[in-house]
Amino acid sequence: MPKSQYVDFKSVKTSVTMEQVLQHYGLLEQMKRSGDSLSGCCPLHGGTNSTQFRVSISKNCWNCFSESKCGGNVLDFVAKKERITVHAAATKLCEWFQLPMEDNRTAVASRPPRPWPPPKLPPSSPAITVLKEKPKTEDETANPPLKFRLEHLDVTHPYLTERGLTPETLMDFGLGHCAKGMMAGRIAIPINDPEGKIVAYAGRWPGEPPGDVPKYKLPPGFRKSLELFNLDRATKEPSDMPLVIVEGFFGAMKLYQHGCRKVVALMGSSLSAAQEGLIRKHTAQSSRVVLMLDEDEAGRLGREDIAVRLAKFVFVRIHAFDQESAQPENLTAEQISAALEVL
Ligand SMILES: [Zn+2]
8 MPKSQYVDFK SVKTSVTMEQ VLQHYGLLEQ MKRSGDSLSG CCPLHGGTNS TQFRVSISKN
68 CWNCFSESKC GGNVLDFVAK KERITVHAAA TKLCEWFQLP MEDNRTAVAS RPPRPWPPPK
128 LPPSSPAITV LKEKPKTEDE TANPPLKFRL EHLDVTHPYL TERGLTPETL MDFGLGHCAK
188 GMMAGRIAIP INDPEGKIVA YAGRWPGEPP GDVPKYKLPP GFRKSLELFN LDRATKEPSD
248 MPLVIVEGFF GAMKLYQHGC RKVVALMGSS LSAAQEGLIR KHTAQSSRVV LMLDEDEAGR
308 LGREDIAVRL AKFVFVRIHA FDQESAQPEN LTAEQISAAL EVL
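All residue numbers for the sequence shown refer to the numbering used here, where the first residue is 8 and numbers rise by one.
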């Protein structure tokens, strides 16, 4: 890691919980939970004393009551565990939990502190970060590109075959099953900004998640409302082709795989103002847009609203499915071209 790498220690400390760090190490299950605290054998010094190590969830700090009494925050823990400096620990945490990092050059002078607020994570749901609305500054109009790549993503995971994605599609989109870090146990899907730089990985649980585990996990601080999945590739397609808008990652990837490459996903069933702006920016007047949202309550509500808004500057057509709960992901190549030919 170059010396110039700027890491905001305070943001790292407040964005990542001790629980998440223990979970990252696979240690959370071994801890005993009681009220606000977790306790167990010390992950740093070992031993069999099951009360030697203690975490305060609300204070987000830890203590080891061994002879070499020590304690601290998440950075101190990772630094000790990995035998690295606190700075290196902060960098590692940024990588594991997909927190933005910046170069000194761009971060020091002109910029206000990092836009992402220090989210307080409820102990039971490490996956979801609720962002508080803050007054918009110029710095908040973009998700910063990630300074790392998740490596060794497994493209042979059965879930990917189950969803019908070919090796070519997996390669083009760069997704795969992730073994380590924040997206451990999930399918990591890179999300690019319009320039094609990765700004986040979304983590899809492979299958039906158990209990209250969320199907999708997004990194803290990432605002999906600012991106359209696959926009960077879609804009390279001919301008006279219609732009197809779908809800989800897999719908977009399947249409792409079937040759309909000018497709973007909302990552939901509504269109944010920023997404509307992106479409306006990247489509010529008299362009055509096909709304292909899921055939369910949310999809129908979403497409009515989106159609009205987009019709102000492009030609919009709604593709309605005959069958309730049909999704674009399940269309065959023939059905897709039939749907687009009517235009
Ligand atoms: Zn210890």
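Note that the Cβ used here is the ideal one computed from N, Cα and C, for glycine as well.
State the start and end residues of the unbroken alpha helix (DSSP H) segment that holds residue 166. 165–169
For residue 175 and residue 105, the rounded distance between their alpha carbons: 26 Å
Pick from 189, 160 and 204: whose alpha carbon is nearest that of residue 149? Ranked by Cα distance from residue 149, the options 189, 160 and 204 are led by 204.
For residue 202, tell me which candidate among 83, 287 and 243 has the shortest Cα-Cα distance. 243
Under 7 Å from any heavy atom of ligand 1, does the C-beta of residue 68 make it? no
Assigned exposure category for residue 220 - 16 Cβ within 10 Å defines buried: The residue in question, residue 220, is exposed, as its Cβ has fewer than 16 Cβ neighbours within 10 Å.
Secondary structure of residue 125, DSSP reduced to three states: Caution is warranted here: a pLDDT of 46 is assigned to residue 125, below 50, making its placement in the model unreliable, and the coordinate value is therefore given only provisionally. Residue 125 falls in the coil class under three-state DSSP.
Do you know how far the Cα of residue 303 is from the Cα of residue 330? 9 Å
Ligand 1 site residues, beta-carbon cut 5 Å against heavy atoms: 49, 51, 52, 71 and 73
Quick one: what's residue 195 bridged to in DSSP? 183 and 210
Cβ-based burial, residue 32 [other Cβ within 10 Å; buried from 16]: exposed
Between the alpha carbons of residue 299 and residue 215, how many angstroms are there, rounded? 24 Å
Where does residue 32 fall in DSSP's three states? coil
If you follow the beta strand (DSSP E) that residue 322 is part of, which residue opens it and which one closes it? 322–325
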